Amino acid sequence: MIVGTGQAGFQTAASLRSEGYADPITLIGEEPHIPYNRPPLSKGFVLGTQDAESIELRPVNFYKTHQINLLCGERVVGISRAEKQIEIASGGNLSYDSLVLAVGASNRRLPVPGGDLDGVLYLRSLAEAIFIKKRIEEAQRIVVIGGGFIGLELAAVAGALGKNVTVIEALPRVMARVVAPIISEFFRELHTGRGVKILCGATVTEIHGANGTVKEVAVSDGSVHSADLVLVGIGVVPNIELARDAGLAISNGIAVDEYLQTEDKNIFAIGDCAEFPNAFAGGRVRLESVQNAADQAQCIAKTIAGHRTKYNSLPWFWTDQYEIKLQMAGISAGHDRVVTRGNAEAKKLSVFYFRNGKLIAVDSINRPVDHMIGRKLIASGASLTPEECADETVDLKRIPTDPYVH
Amino acid sequence: MPKVIYVSAAGLTTEVEAPVGTTVMGAALKNGVEGILAECGGVCMCSTCHVFVDEKFLPLIPPAQDTEEAVLEIAAIERRPNSRLSCQIKVTDELNGLIVHMPEKQR
């Protein structure tokens with residue numbers, strides 16, 4: 110029984126079948142659409158280069174041919190661990206042997222007056238993306254609140270569509286929690302060069318409306334920005350309610366062990382909702398990414414199919430803004446030294462992050478070889494110095510690594 | 113409409129009609145071809161849509177960009193000279209009858 114039809118839920122069902130699991134599989138989720146690829150929602154889908162059908166993870170007949178009972182538009186309202194059953198909103202209970210919570214996360218809401226006006230929108234689902242796409246087309250002046258991945262990707266799309274765009278970020282620089290200042294600066298310049306205004310170190314104090322619709326955004330520095338559309342991307346909170354109500358441990362997400370199991374060994378939690386131990390993060394972590402969802406799904410599929418498997422994949426991420434792709438390998442949080450290879454002027458730049466003399470992360474712009482070698486080096490725990498990383502004459506490919514494990 | 117022929121590692125052949133402008137990866141997913149996982153959704157990040165292109169079609173496909181070349185280095189089955197990521201192969205009329213062989217595993 111898999112709850113959640115996002116990337117993690119879908120991949121669990123698909124991988125169970127490829128692992129030879131022959132028992133019934135039910136994949137159940139609130140969203141009305143069959144499982145789809147979420148990253149394009151803030152990129153090609155809103156831009157108009159990808160449509161709803163093209164982002165489906167598999168066509169609808171996949172679920173029939175793989176004997177996956179797909180229940181879309183159905184909400185799970187409770188778990189009875191004693192009975193090994195879930196309760197669904199339309200009435201009735203469904204039994205499970207193994208229960209997978211791939212329930213995702215919800216957008217953090219903007220807690221300011223006017224936050225509920227028409228024209229203040231959040232992006233998570235396909236339905237929301239369809240609505241945002243329409244509203245961006247109709248809008249002239251757009252304020253994006255939050256200079257993280259989602260906010261900047263939406264700003265890039267809106268900017269490319271010729272809209273007047275202002276991004277408001279509370280921290281002193283964009284993507285501050287995940288990338289080094291030199292990367293933040295690169296993207297700030299990229300956006301401002303395309304006419305998108307970026308305002309950092311400022312918080313929204315109030316959204317003013319007229320006739321119930323957004324009109325302008327007031328900011329802590331005293332500035333006021335007129336807007337006919339506000340897009341909010343200020344992070345997410347994990348959907349922990351089902352697990353909490355079932356008495357399972359909650360931390361920064363549904364707490365699981367290295368097998369991605371909760372303290373109830375019949376219940377797993379994976380993807381955006383789960384907090385798990387990860388050597389590459391230097392402790393427990395909750396990640397929101399395709400890699401994390403897909404790799405965790407494949408890990409527990411092995412366990413459920415009879416081959417108990419610990420999760421130890423290297424995290425990686427990407428963001429697309431205009432024609433630039435930022436590739437990220439590993440988790441840079443907690444770094445104590447940063448060196449660069451290449452340079453921002455040439456738009457070919459990698460940043461290597463070290464902690465206690467050990468390479469923990471690599472961010473790359475137009476240096477895809479650095480990204481891929483970075484993955485191998487970090488995953489292998491290879492020993493190399495910051496000086497070697499900074500020295501372009503050192504061929505990183507020659508540093509011994511273990512074979513890359515997906 | 114151009115046809116693309118997918119050959120599994122076990123030798124099973126699947127022929128599908130692929131509209132011009134779609135990708136060899138996309139056409140495989142849409143037609144239920146097993147053996148192409150496409151975990152990253154076709155953005156050149158994961159190598160799970162790796163294929164070996166039949167030699168006679170290689171000259172008809174634009175060469176791989178740096179990002180694709182880099183990703184092929186982490187393919188689960190070691191890359192060969194005719195390795196490509198199927199997400200980066202756009203279907204054209206010229207490619208009608210394209211044959212791609214799928215590796216025995218993608219991860």
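First to last, the protein sequences are chains R and F. If you're matching positions, the first sequence starts at 110 in the working numbering and goes up one per residue. If you're matching positions, the second sequence starts at 113 in the working numbering and goes up one per residue. Where is the CB? At the ideal position from N, CA and C, for every residue including glycine. Computed from a prediction, not measured in an experiment: that's the story for all the values here.
| request: Could you list the residues in the stretch 395 to 427 of chain R with a C-beta less than 8 Å from some C-beta on chain F, going in chain order? | output: Near chain F, meaning a CB-to-CB distance below 8 Å, the residues of the stretch 395 to 427 of chain R are V399, Q400, A403, Q407, W425 and W427.
| At a Cβ threshold of 8 Å, is Y231 of chain R touching chain F? | For Y231 of chain R, no CB of chain F lies under 8 Å from its own CB, so it is not counted at the interface with that chain.
| message | DSSP three-state label for C181 of chain R, please. | response | Strand at C181 of chain R.
| task | Check whether the Cβ atoms of A182 of chain F and M481 of chain R lie closer than 8 Å to each other. | result | Closer than 8 Å, so yes.
| query | In whole angstroms, what is the alpha-carbon distance linking V478 of chain R and T314 of chain R? | reply | Counting only the Cα atoms, T314 of chain R lies some 43 Å from V478 of chain R.
| Does the beta carbon of I186 of chain F sit closer than 8 Å to a beta carbon anywhere in chain R? | Judged by the 8 Å Cβ criterion, I186 of chain F is in contact with chain R.
| query | Which of helix, strand or coil does DSSP assign to K115 of chain F? | reply | Here K115 of chain F sits in strand by DSSP.
| Is V116 of chain F closer than 8 Å to V132 of chain F when the C-beta atoms are compared? | Cβ atoms of V132 of chain F and V116 of chain F: not closer than 8 Å.
| field | Closest by C-alpha distance to K434 of chain R, when choosing among R:F461, R:N475, R:N401 and R:G443 | value | With distances taken between Cα atoms, K434 of chain R lies closest to R:N475.
| Looking at C-beta atoms only, is the number of pairs between the stretch 197 to 208 of chain F and the stretch 148 to 156 of chain F that lie closer than 8 Å three or more? | Segments in contact, yes.
| task | Establish whether the CB of E127 of chain F and some CB of chain R are separated by less than 8 Å. | result | Chain R, which has no Cβ nearer than 8 Å to the Cβ of E127 of chain F, makes this no.
| request: Count the other CB atoms, across all protein chains shown, that sit within 10 Å of the CB of F240 of chain R; report buried if there are 16 or more and exposed otherwise. | output: It is exposed - the Cβ of F240 of chain R has fewer than 16 other Cβ atoms within 10 Å.
| Whose C-beta lies closer than 6 Å to the C-beta of G310 of chain R among residues of the same chain, with five residues either side of it excluded? | The residues P281, in chain order, have a CB closer than 6 Å to that of G310 of chain R in the same chain once the five nearest residues on each side in sequence are set aside.
| request: Pick out the complete alpha helix (DSSP H) segments inside the stretch 322 to 387 of chain R, 4 residues or longer, and give them in chain order. | output: Within the stretch 322 to 387 of chain R, the runs of alpha helix (DSSP H) at least 4 residues long that lie entirely inside it are, in chain order, 350 to 354.
| said: With a threshold of 8 Å between beta carbons, is A182 of chain F in contact with chain R? | reply: Using beta-carbon distances, A182 of chain F counts as an interface residue toward chain R, with a partner under 8 Å.
| query | Under 8 Å between C-beta atoms, does V288 of chain R make it to chain F? | reply | No - not a single Cβ of chain F is within 8 Å of the one on V288 of chain R.
| field | Reference N320 of chain R; option with closest CA among R:I277, R:Y368 and R:G228 | value | The option with the nearest alpha carbon to N320 of chain R is R:G228.
| field | Listed by chain order, chain R residues near C152 of chain F by CB distance under 7 Å | value | Contact annotation for C152 of chain F against chain R: V399 [CB-CB distance below 7 Å, chain order].
| message | For a test of the three-state rule: what should DSSP assign to A491 of chain R, helix, strand or coil? | response | Here A491 of chain R sits in coil by DSSP.
| request: Measure the C-alpha to C-alpha separation of P133 of chain R and S151 of chain R and round it to an integer number of angstroms. | output: Between P133 of chain R and S151 of chain R, the C-alpha separation is close to 34 Å.
| Helix, strand or coil for V165 of chain F per DSSP? | Here DSSP, grouped into helix, strand and coil, assigns V165 of chain F to strand.
| For F461 of chain R, which beta-bridge partners are listed by DSSP? | F461 of chain R pairs with R:V448 and R:V471.
| query | At what residue ranges does the stretch 183 to 225 of chain R contain a whole run of the beta strand (DSSP E), taking only runs of 3 or more? | reply | For the beta strand (DSSP E) assignment, the uninterrupted runs of no fewer than 3 residues enclosed by the stretch 183 to 225 of chain R are, from N- to C-terminal side, 185 to 189, 194 to 197, 202 to 204, 208 to 210 and 214 to 216.
| request: Assign M110 of chain R to one of three DSSP states: helix, strand, or coil. | output: Coil at M110 of chain R, not helix or strand.
| request: Find out if the Cβ-Cβ distance for the pair V339 of chain R, V326 of chain R is shorter than 8 Å. | output: Going by C-beta atoms, V339 of chain R is nearer than 8 Å to V326 of chain R.
| query | Can you find a CB in chain F that lies within less than 8 Å of the CB of V169 of chain R? | reply | Interface residue (Cβ-Cβ distance to chain F less than 8 Å): V169 of chain R is not classified as such.
| For I307 of chain R versus H317 of chain R, is the C-beta spacing smaller than 8 Å? | Pairing I307 of chain R with H317 of chain R gives a Cβ-Cβ distance that is not under 8 Å.
| task | Using alpha carbons as the reference points, say which of F:R196, F:T134 and F:G147 lies closest to N159 of chain R. | result | Checking the displayed sequence, the identity of residue 159 of chain R turns out to be Gln instead of Asn. Here the closest residue by C-alpha is F:T134.
| Proximal chain F residues relative to S234 of chain R, where beta-carbon distance stays under 8 Å | Simply none; closest approach about 16 Å.
| said: Am I right that I143 of chain R and V169 of chain R are in contact with their C-beta atoms under 8 Å? What's the rounded C-beta distance? | reply: Contact flag correct, Cβ pair sits at about 5 Å.
| Proximity below 8 Å, CB of Y172 of chain R to CB of L179 of chain R | The beta carbons of Y172 of chain R and L179 of chain R sit closer together than 8 Å.
| said: Can you give me the C-alpha to C-alpha distance between R219 of chain F and T204 of chain F, rounded to a whole angstrom? | reply: Rounded to whole angstroms, R219 of chain F to T204 of chain F spans 28 Å at the Cα level.
| field | Three-state secondary structure (DSSP) of I186 of chain F | value | Assigned with DSSP and collapsed to three states, I186 of chain F falls in coil, not helix or strand.
| field | Interface residues of chain F facing T174 of chain R [CB-CB closer than 8 Å] | value | By Cβ distance, chain F contributes G144.
| query | Relative to the alpha-carbon of V212 of chain R, which residue among R:G260, R:V287, R:I379 and R:H334 has its alpha-carbon at the smallest distance? | reply | Per the Cα distances, R:I379.
| field | Contact set for A265 of chain R: own chain, Cβ-Cβ below 6 Å, skip 5 residues either direction | value | Closer than 6 Å at the Cβ level, and outside the excluded window around A265 of chain R, lie Q430 and Y431.
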